[in-house]
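A.B. asks: Provided herewith is a single structure, encoded as structure tokens, for subsequent inquiry.
Residue numbers (our numbering), protein chains in the order written: chain F, 8 to 440; chain Y, 8 to 440.
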């Protein structure tokens with residue numbers, strides 16, 4: 008048909024989900040969905056293709072063009088495969104500003120693409136959970152969002168030895184710098200920029216930059232000490248700061264419902280300097296071999312500004328990639344060996360019994376809601392058993408000529424190897440239906 | 008920020024799924040998944056992007072380029088967003104030929120894109136259920152696949168007045184034409200091509216073409232009569248044809264399990280002339296205003312030939328688009344008004360009660376598995392009730408200062424308007440947890 012055979016490999020950075028991988032993924036997303044729905048979050052989704060300008064407007068044309076899969080359609084529109092969900096959700100919220108009932112509690116698990124070098128935890132095609140609350144300005148929404156992240160990890164069996172939520176607040180960050188450095192707004196902004204780059208430069212360069220902005224060695228030391236402080240000591244430096252109040256309220260509420268053991272205050276959490284405006288947090292994997300931020304988020308403003316003039320909707324949320332979360336679950340051995348705990352029955356076949364007898368039997372099992380199928384084909388019994396084992400069936404039903412005559416079937420439990428003889432009319436009851 | 012405001016419309020031919028639409032979709036896909044899993048089908052999925060050559064090899068370069076969204080990546084690879092699932096699943100089966108346990112019973116509900124003019128039932132982004140059995144040559148696999156389609160529609164509440172499965176067999180089709188026309192293989196192929204175009208040309212042109220191939224008026228009339236025949240009469244014309252045997256066995260089996268009332272033999276069902284090799288079927292909507300094929304499928308051979316030399320894996324299956332199925336459900340009023348029958352509780356707030364009291368209450372509901380949230384913000388009670396109604400909450404919990412003092416809460420059922428006073432410690436039990 009074709010001189011050259013085609014490759015069976017998926018495109019670089021993407022994955023094939025065979026049934027085994029798909030079972031894992033469905034288990035995975037199922038737990039996330041269930042956890043969020045129990046907390047009254049509503050699921051949404053949007054198109055895989057969006058106008059490229061949506062990403063260019065947020066991240067700049069160059070980044071948008073380089074990091075997305077983008078192209079021009081036959082109608083000369085510049086399109087991109089979504090590399091993130093925020094521009095889509097902003098467009099959707101802006102499109103129904105007057106119909107939607109705020110605050111919105113929304114989540115989505117879209118597939119998306121980024122054009123990047125593939126490495127551990129980074130693929131070109133991935134799924135990303137997005138959880139956001141829109142239209143609530145208080146720390147209570149920040150709390151809800153952080154609780155949801157903790158609840159998801161707990162639902163997978165993770166405990167406080169495995170992960171830590173590191174929390175800071177950008178308003179507090181600005182206020183405490185102003186309090187220590189004695190700078191005005193512009194001065195504080197410049198100091199923030201230096202602090203933001205702290206881990207990217209040498210200690211010497213860091214101190215030199217702060218000194219150039221007028222900070223004394225003592226002031227620099229006071230900023231250093233913030234990294235060691237708990238929330239009480241840190242917020243005591245500028246107790247009247249709105250950000251300090253938010254931080255204290257947030258930690259008090261977490262204590263109230265016993266979730267404070269997963270959380271610490273961390274002055275080192277800053278995130279995108281120009282994007283976040285209040286609470287910011289990152290969830291760290293505590294495993295020594297992988298001790299880094301898995302995902303994070305925070306409060307941002309002016310979500311819909313690109314779409315609606317003079318409108319303001321604040322948001323707080325996070326995005327969690329499926330590859331990162333899966334790596335975490337693997338590291339901490341939180342993925343069970345099998346997901347199918349339910350009964351799954353293979354009706355085996357012998358040539359001396361009419362096909363329609365098997366058909367009726369299988370159909371009655373399905374009608375009773377029992378997962379089942381009839382072996383297709385006419386291989387030897389041993390091969391049919393092999394097929395059942397590989398396909399993760401839990402039981403096989405055996406009905407040869409002698410069983411048919413006696414009005415019974417044999418049921419073999421593939422795990423315990425136990426064999427039972429059951430009246431054909433009581434088979435569905437045998438499986439508890 | 009941006010001089011020109013961006014549009015809030017999604018890209019042409021795609022859809023935004025706000026929570027209401029997403030609830031419908033989750034209900035929709037949930038029913039399909041459950042039905043197929045009960046029949047022991049396994050879900051799989053693959054990447055959204057594939058090599059363009061996968062589609063070019065199947066449909067020709069021109070069609071593949073015109074009908075897909077395709078582009079060249081930074082590594083100079085020609086890629087396409089998948090317009091269908093068959094090439095992906097063929098690649099996946101070919102890639103693990105020796106590890107997989109045949110017959111495979113696979114399904115998938117991928118999102119895909121086609122570049123086409125949008126109209127009713129046709130969008131550019133859609134989801135398509137794909138159900139296939141690979142590696143079983145007998146009519147039994149065809150039967151399983153047809154049963155699955157009927158079971159899915161039945162699961163939505165559709166009955167035989169609403170849809171009909173029209174079934175033919177390509178081997179029978181070839182044999183019965185040879186029997187009536189007395190043609191050899193090549194002659195039958197030419198006659199088939201004329202019959203395949205029957206509805207696209209005038210009756211006059213049709214007869215003229217058949218006459219040119221040597222058919223008499225009587226032979227043409229005998230072919231005409233096939234369109235009126237049931238399976239018994241039609242297959243009696245060439246009783247020894249393998250295709251006739253398959254058709255008779257298929258209908259006998261459908262009768263055996265009471266599904267024959269959804270099915271008819273229809274000589275007019277041909278489908279892609281060069282693609283299908285055995286059983287073919289189409290599922291028709293019986294509604295007078297929409298009486299047309301909703302979806303169809305059949306048996307095809309040589310699935311993996313493009314990837315593996317001299318390997319043969321047969322397949323039988325179908326693809327069902329989400330838009331088509333949704334239109335069918337709307338036409339027949341099979342979509343319920345609400346999908347959330349479960350309890351969903353909004354804990355309302357008053358300023359005279361400390362926030363942490365509400366927080367603990369809400370948290371205890373969630374711990375008990377009851378879907379619930381605490382109202383975020385501090386609006387008037389009436390506004391909070393409005394929010395609950397719009398958000399499809401079923402109950403609100405009311406705990407003002409006097410209730411707190413008495414150790415009780417009030418629960419209002421938003422549907423019945425009934426109000427109950429419940430001991431705060433018995434609230435989860437009140438909701439049945």
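Every residue, glycine too, gets a C-beta built ideally from N, C-alpha and C.
I need the DSSP call for residue 16 of chain Y, collapsed to helix, strand or coil.
C.D. replies: Coil.
A.B. asks: Report, in whole angstroms, the separation of the C-beta atoms of residue 97 of chain Y and residue 313 of chain Y, which I expect to be a contact under 8 Å.
C.D. replies: About 7 Å separates the two Cβ atoms, so the contact holds.
A.B. asks: At a Cβ threshold of 9 Å, is residue 33 of chain F touching chain Y?
C.D. replies: Chain Y contact via Cβ: present.
A.B. asks: Taking Cβ-Cβ distances shorter than 9 Å, what residues in chain F pair up with residue 446 of chain Y?
C.D. replies: Because chain Y here runs from 8 to 440, residue 446 of chain Y falls outside it and cannot be looked at.
A.B. asks: If you pair each beta-carbon of the stretch 23-42 of chain Y with each one of the stretch 75-90 of chain Y, do three or more pairs fall below 8 Å?
C.D. replies: No, the stretch 23-42 of chain Y does not touch the stretch 75-90 of chain Y.
A.B. asks: When we look at the beta-carbon of residue 311 of chain F and count the other beta-carbons within 10 Å, is it buried (16 or more) or exposed?
C.D. replies: It is buried - the Cβ of residue 311 of chain F has at least 16 other Cβ atoms within 10 Å.
A.B. asks: Please list, in chain order, the residues of the stretch 245-278 of chain F that have any C-beta partner in chain Y closer than 8 Å.
C.D. replies: From the stretch 245-278 of chain F, only 259, 260, 263 and 264 have a Cβ closer than 8 Å to chain Y.
A.B. asks: Scan the stretch 49-71 of chain Y for residues whose Cβ lies nearer than 8 Å to a Cβ of chain F and list them as they occur along the chain.
C.D. replies: So the list reads 49, 50, 51, 52, 53, 54, 55, 56, 57, 58, 60, 61 and 64, given in the order they occur along the chain.
A.B. asks: When you check each C-beta in the stretch 391-405 of chain Y against every C-beta of chain F, which residues fall closer than 7 Å?
C.D. replies: Going along the stretch 391-405 of chain Y in chain order, one finds 394, 397 and 398 with a Cβ nearer than 7 Å to chain F.
A.B. asks: Per DSSP, what kind of secondary structure is residue 175 of chain Y in: helix, strand or coil?
C.D. replies: The answer is strand: DSSP assigns residue 175 of chain Y an E or B state.
A.B. asks: Just the Cα atoms here: how many angstroms apart are residue 371 of chain F and residue 99 of chain Y?
C.D. replies: Distance between the alpha carbons of residue 371 of chain F and residue 99 of chain Y is about 33 Å.
A.B. asks: Going by Cα to Cα distance, which pick from F/46, F/52 and F/73 is closest to residue 59 of chain F?
C.D. replies: Of the candidates F/46, F/52 and F/73, the one whose C-alpha sits nearest the C-alpha of residue 59 of chain F is F/73.
A.B. asks: Would DSSP call residue 252 of chain F helix, strand or coil?
C.D. replies: Here residue 252 of chain F sits in helix by DSSP.
A.B. asks: Am I right that residue 199 of chain Y and residue 181 of chain Y are in contact with their C-beta atoms under 8 Å? What's the rounded C-beta distance?
C.D. replies: Right, the Cβ-Cβ distance comes to about 7 Å (below 8 Å), so this counts as a contact.
A.B. asks: Are residue 306 of chain F and residue 285 of chain F close, meaning C-beta to C-beta below 9 Å?
C.D. replies: It is a contact, given that the beta carbons lie within the stated cut-off.
A.B. asks: Under 9 Å, CB to CB, which of the residues in the stretch 150-167 of chain F have a partner in chain Y?
C.D. replies: So the list reads 150, 151, 154 and 158, given in the order they occur along the chain.
A.B. asks: Once DSSP output is grouped into helix, strand and coil, what is the label at residue 29 of chain Y?
C.D. replies: The answer is helix: DSSP assigns residue 29 of chain Y an H, G or I state.
A.B. asks: If you check the beta carbons only, do residue 256 of chain F and residue 179 of chain F fall under 9 Å apart?
C.D. replies: No; because the gap between Cβ atoms is not below 9 Å, this pair is not in contact.
A.B. asks: Just tell me which of Y/190, Y/295, Y/237 and Y/389 has its CA closest to the CA of residue 218 of chain Y.
C.D. replies: That would be Y/190, whose Cα lies nearest to the Cα of residue 218 of chain Y.
A.B. asks: Using a C-beta cutoff of 9 Å, does residue 44 of chain Y count as contacting chain F?
C.D. replies: Yes, its Cβ sits closer than 9 Å to a Cβ of chain F.
A.B. asks: Below 8 Å on C-beta distance, what does residue 18 of chain Y contact in chain F?
C.D. replies: Residues of chain F passing the Cβ test: 54, 56, 57, 58, 84 and 86.
A.B. asks: Which chain Y residues sit within Cβ distance under 7 Å of residue 99 of chain F?
C.D. replies: Under the 7 Å cutoff, chain Y gives 23 and 25.
A.B. asks: Against chain F, which members of the stretch 306-327 of chain Y pass a CB distance test of less than 8 Å?
C.D. replies: Here the close residues are 309, 312, 313, 314, 315 and 316.
A.B. asks: If we ignore side chains and look at the alpha-carbon of each, how far apart do residue 170 of chain F and residue 159 of chain F end up?
C.D. replies: If I take the Cα positions, the gap works out to 12 Å.
A.B. asks: Tell me residue 283 of chain Y's beta-bridge partners as DSSP assigns them.
C.D. replies: DSSP, once it has assigned bridges, lists Y/307 as partnering residue 283 of chain Y.
A.B. asks: Let me know if residue 57 of chain Y comes out buried or exposed under the rule of 16 or more other beta-carbons within 10 Å of its beta-carbon.
C.D. replies: The residue in question, residue 57 of chain Y, is buried, as its Cβ has 16 or more Cβ neighbours within 10 Å.
A.B. asks: For a test of the three-state rule: what should DSSP assign to residue 150 of chain Y, helix, strand or coil?
C.D. replies: Helix.
A.B. asks: Counting only runs of 4+ residues fully inside the stretch 86-169 of chain F, write out the alpha helix (DSSP H) ranges in chain order.
C.D. replies: Listed in chain order, they are 93-102 and 146-162.
A.B. asks: Using only the alpha-carbon positions, how far apart do residue 417 of chain Y and residue 428 of chain Y sit?
C.D. replies: When rounded, the distance between both Cα atoms is 4 Å.
A.B. asks: Quick one: residues in its chain with C-beta nearer than 7 Å to the C-beta of residue 9 of chain F, no 5 flanking neighbours on either side, listed in chain order?
C.D. replies: Any answer about residue 9 of chain F is weak, because its pLDDT of 45 lies below 50 and its placement is not dependable; what the coordinates show is given next. Counting only Cβ-Cβ distances below 7 Å, and skipping sequence neighbours, we find nothing.
A.B. asks: Would residue 378 of chain F pass as an interface residue toward chain Y - the criterion being a Cβ-Cβ separation below 9 Å?
C.D. replies: Yes, its Cβ sits closer than 9 Å to a Cβ of chain Y.
A.B. asks: Per DSSP, residue 180 of chain Y is paired with what?
C.D. replies: Its beta-bridge partners do not exist; DSSP assigns none.
A.B. asks: Output the boundary residues of the beta strand (DSSP E) element that contains residue 405 of chain F.
C.D. replies: First-last of the beta strand (DSSP E) with residue 405 of chain F: 402-405.
A.B. asks: Please name the residue or residues paired with residue 325 of chain Y in a DSSP beta bridge.
C.D. replies: Answer is Y/138 and Y/304.
A.B. asks: Answer yes or no: do residue 388 of chain Y and residue 355 of chain Y have a C-beta to C-beta separation smaller than 9 Å?
C.D. replies: Yes, the Cβ-Cβ distance between residue 388 of chain Y and residue 355 of chain Y is below 9 Å.
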